[in-house]
Amino acid sequence: MHIIILAAGQGTRMRSSIPKVLHPVANRPIVDHVLAAAVQAGAVSITGVVGPDMSEVAAAFDGHNLAVQQVAQGTGDAVKAALTEIPVSTAGIAVVLYADTPLVRQETIDALTAPIMDQSAAVTVFGMDLAEPAAYGRLVTNDAGDLLRITEAREADEATLAITLCNGGYMAFDLGRCRGLVNKIDNQNNKGEYYLTDLVELANDVGHRAVVVQTEPEDALGVNDRADLALVEAVMQKRLRVGHMAAGITLTAPETVFFTHDTALAADTVVEPHVVFGPGVTVTGPATIRAFSHLEGCEIAEGVTIGPYARIRPGSRIGKGARIGNFVETKNVEMGEGAKANHLTYLGDATVGAGSNIGAGTITCNYDGYIKSRTKIGDNAFIGSNSALVAPVSIGDGAIVGAGSVITKDVTGDAIAIARGEQVEKTGRAPAFREQRAAQKAKAKKG
Numbered sequence: 029m030h031i032i033i034l035a036a037g038q039g040t041r042m043r044s045s046i047p048k049v050l051h052p053v054a055n056r057p058i059v060d061h062v063l064a065a066a067v068q069a070g071a072v073s074i075t076g077v078v079g080p081d082m083s084e085v086a087a088a089f090d091g092h093n094l095a096v097q098q099v100a101q102g103t104g105d106a107v108k109a110a111l112t113e114i115p116v117s118t119a120g121i122a123v124v125l126y127a128d129t130p131l132v133r134q135e136t137i138d139a140l141t142a143p144i145m146d147q148s149a150a151v152t153v154f155g156m157d158l159a160e161p162a163a164y165g166r167l168v169t170n171d172a173g174d175l176l177r178i179t180e181a182r183e184a185d186e187a188t189l190a191i192t193l194c195n196g197g198y199m200a201f202d203l204g205r206c207r208g209l210v211n212k213i214d215n216q217n218n219k220g221e222y223y224l225t226d227l228v229e230l231a232n233d234v235g236h237r238a239v240v241v242q243t244e245p246e247d248a249l250g251v252n253d254r255a256d257l258a259l260v261e262a263v264m265q266k267r268l269r270v271g272h273m274a275a276g277i278t279l280t281a282p283e284t285v286f287f288t289h290d291t292a293l294a295a296d297t298v299v300e301p302h303v304v305f306g307p308g309v310t311v312t313g314p315a316t317i318r319a320f321s322h323l324e325g326c327e328i329a330e331g332v333t334i335g336p337y338a339r340i341r342p343g344s345r346i347g348k349g350a351r352i353g354n355f356v357e358t359k360n361v362e363m364g365e366g367a368k369a370n371h372l373t374y375l376g377d378a379t380v381g382a383g384s385n386i387g388a389g390t391i392t393c394n395y396d397g398y399i400k401s402r403t404k405i406g407d408n409a410f411i412g413s414n415s416a417l418v419a420p421v422s423i424g425d426g427a428i429v430g431a432g433s434v435i436t437k438d439v440t441g442d443a444i445a446i447a448r449g450e451q452v453e454k455t456g457r458a459p460a461f462r463e464q465r466a467a468q469k470a471k472a473k474k475g
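Shown next, in the form of structure tokens:
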């Protein structure tokens, strides 16, 4: 199977300096979703078709074939360009996909290729039965269900426009029987373009059968503007949520949880409302992710509780049974088994040993404006509330840091370190202080 991905569209309706197909859906460029589906389907080769001066899009096809459509003259012309990258002697099936349709799946491709593989058809087209066909091309079939032709809406008469079976865009064809027919596609139509859809009628003319295949209509949703981008994101998120729940994940309010394409959660993990998973999150054992937490580039072990209102940033590895509580942020941190930072803490570039407790308001001061340095906290250490640990610094196993301390030197194991100003008490001085301040205030008002 040889997959052709058409990516020459300019995407002007996106109103963006970023090429349309590089906009993210579930934190992955649109075209990468299409490439992933092609790879999953077992493509022998993948050929991207781009326009001239589309180097950013072309880079997405690194490691694959690339064809350039010098002038935008329609899908038929684009496929002709792609076929120059597939040797004439090549047998098998060509599948035509679009770089702006991130919802295409392996199942979609399998459905397109099955009738050709069993020799029941030479051409297949992805169809959608729509109540409101709008500007979609119409699929004209005979009583036996064979596809006779595809008529563009702008070229259709009233009777054809009444057809609700519409062209979803994807097509597959037998290279041996249809390569020559693709090269016969002409531009004798209202737009003067080469329509790939004409292949259906050309195939019928020489006795080759064409058929319609259908999966889910949403498989063919494309992105042309920001509204489309939001729509496909919503569909993708719904698919991801359903997939995670089917794999044994509890989502207490599924519609409020947002996943990235590569989020990996262990069965029996519980995810509360309004959680966002950025790229690169792995939960290796059942864990609880509480409400309003944001995770990215991290590994969470079995029995961990995150949140609520926690931010777990890239490089964080949270060990078995550890707890990261409300308004705690971690970055490039290793939390040992059973360690706790329950509230109001920043841990950056740090190692926290097993069983250690990090008090509220603790900050690892990891950056001096030029260099980031690490803080090492040993096993079973206790860091009192509102402490600042100025890196590079090491707190030994079993050590205790008194609340409010600013620690700038290493603390040895089992030591108690207190680094704060000495408390001074002046007995009975409060009334005199108040009188003095009241007099100053009254004088200021008169002045």
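Under the working numbering, the first residue of the sequence shown is numbered 29, with each subsequent residue one higher.
C-beta: ideal position from N, C-alpha, C; glycine also.
Tell me whether residue i sits in a helix, a strand or coil according to DSSP, three-state version.
{"i": "ASP377", "result": "strand"}
{"i": "MET363", "result": "strand"}
{"i": "MET156", "result": "strand"}
{"i": "ALA292", "result": "strand"}
{"i": "PRO52", "result": "strand"}
{"i": "GLY37", "result": "coil"}
{"i": "THR136", "result": "helix"}
{"i": "THR141", "result": "helix"}
{"i": "VAL356", "result": "strand"}
{"i": "ALA162", "result": "coil"}
{"i": "VAL260", "result": "helix"}
{"i": "ALA466", "result": "helix"}
{"i": "ALA255", "result": "helix"}
{"i": "ILE46", "result": "coil"}
{"i": "ALA472", "result": "helix"}
On the premise that residue j lies in contact with residue i, defined as a C-beta separation below 8 Å, what is that separation, rounded to the nearest angstrom?
{"i": "ALA231", "j": "LEU209", "result": "6 Å"}
{"i": "PRO22", "j": "VAL241", "result": "Residue numbering for the chain in the displayed model covers 29 to 475; residue 22 lies beyond these limits and cannot be assessed."}
{"i": "HIS302", "j": "ALA319", "result": "5 Å"}
{"i": "VAL72", "j": "VAL151", "result": "Between VAL151 and VAL72 the Cβ distance is about 19 Å, and since that is not below 8 Å, they are no contact."}
{"i": "ARG237", "j": "SER148", "result": "7 Å"}
{"i": "ILE33", "j": "LEU111", "result": "About 13 Å; that fails the 8 Å criterion."}
{"i": "ILE346", "j": "TYR374", "result": "At roughly 15 Å, the Cβ-Cβ gap does not stay under 8 Å, so ILE346 and TYR374 are not in contact."}
{"i": "GLY353", "j": "VAL332", "result": "About 11 Å; that fails the 8 Å criterion."}
In chain order, what residues of the same chain have a beta carbon less than 8 Å from the beta carbon of residue i, not counting five sequence neighbours either side?
{"i": "SER433", "result": "GLY412, SER415, ALA416, ALA445, ILE446, ALA447 and ARG448"}
{"i": "ILE435", "result": "SER415, ALA416, LEU417, VAL418, VAL421, ILE423, VAL429, ALA445 and ALA447"}
{"i": "GLY476", "result": "Residue numbering for the chain in the displayed model covers 29 to 475; residue 476 lies beyond these limits and cannot be assessed."}
{"i": "LEU259", "result": "LEU249"}
{"i": "GLY383", "result": "GLY364, GLU365, GLY366, ALA367, ASP407 and ASN408"}
{"i": "ASP138", "result": "ALA69"}
{"i": "ASN394", "result": "GLY376, ASP377, ALA378, LYS400, SER401, ARG402, THR403 and ALA419"}
{"i": "ALA181", "result": "PRO161, ALA162, ALA163, TYR164, GLY165, ARG166 and LEU189"}
{"i": "ASN170", "result": "LEU176"}
{"i": "HIS51", "result": "MET42, SER44, PRO57, ILE58, VAL251 and LEU257"}
Starting from the C-beta of residue i, find all residues in its chain whose C-beta is less than 7 Å away, skip the five residues before and the five after it, and write them out in chain order.
{"i": "PRO161", "result": "THR192 and CYS194"}
{"i": "THR141", "result": "MET29, ILE121, VAL123 and ALA200"}
{"i": "THR431", "result": "With the sequence shown as reference, residue 431 is identified as Ala, and Thr is not the correct amino acid for it. The residues are GLY387, GLY412, SER413, ASN414 and SER415."}
{"i": "PHE355", "result": "TYR337, HIS371 and LEU372"}
{"i": "HIS61", "result": "VAL53 and PRO130"}
{"i": "ARG56", "result": "HIS289"}
{"i": "ALA100", "result": "ALA36 and GLY79"}
{"i": "GLY276", "result": "ALA295 and ASP296"}
{"i": "GLY204", "result": "ALA119"}
For residue i, count the other beta carbons within 10 Å of its own beta carbon; 16 or more makes it buried, fewer makes it exposed. Which is it?
{"i": "ARG254", "result": "exposed"}
{"i": "GLN97", "result": "buried"}
{"i": "THR40", "result": "exposed"}
{"i": "VAL251", "result": "buried"}
{"i": "PRO115", "result": "exposed"}
{"i": "ASP105", "result": "buried"}
{"i": "PRO80", "result": "exposed"}
{"i": "GLY456", "result": "exposed"}
{"i": "ILE213", "result": "buried"}
{"i": "VAL67", "result": "exposed"}
{"i": "ILE340", "result": "buried"}
{"i": "GLY397", "result": "exposed"}
{"i": "PRO47", "result": "buried"}
{"i": "GLY306", "result": "buried"}
{"i": "ARG351", "result": "buried"}
{"i": "GLU300", "result": "buried"}
Any beta carbon of chain B sitting closer than 8 Å to that of residue i?
{"i": "VAL309", "result": "The structure shown contains no chain B, having only a single protein chain."}
Give me, in chain order, the residues of the same chain whose beta-carbon lies closer than 6 Å to that of residue i; leave out the 5 immediate sequence neighbours on both sides.
{"i": "THR310", "result": "ALA292 and GLU327"}
{"i": "ASP226", "result": "ILE213"}
| request: Starting from the N-terminal side, write out each stretch of the alpha helix (DSSP H) that is 4 residues or longer and does not extend beyond the stretch 164-248. | output: Within the stretch 164-248, the complete alpha helix (DSSP H) segments at least 4 residues long are 186-189, 203-211 and 226-233, listed from N- to C-terminus.
| query | Along the chain, which unbroken stretches of the beta strand (DSSP E) at least 3 residues long are found entirely within the stretch 376-464? | reply | 391-393, 403-405, 416-418 and 421-423
| field | Contiguous beta strand (DSSP E) assignments of at least 3 residues, all confined to the stretch 264-333 | value | List check, beta strand (DSSP E) in window: 326-328.
| message | Which complete beta strand (DSSP E) runs does the stretch 60-115 hold, if anything under 3 residues is left out? | response | 73-78 and 93-96
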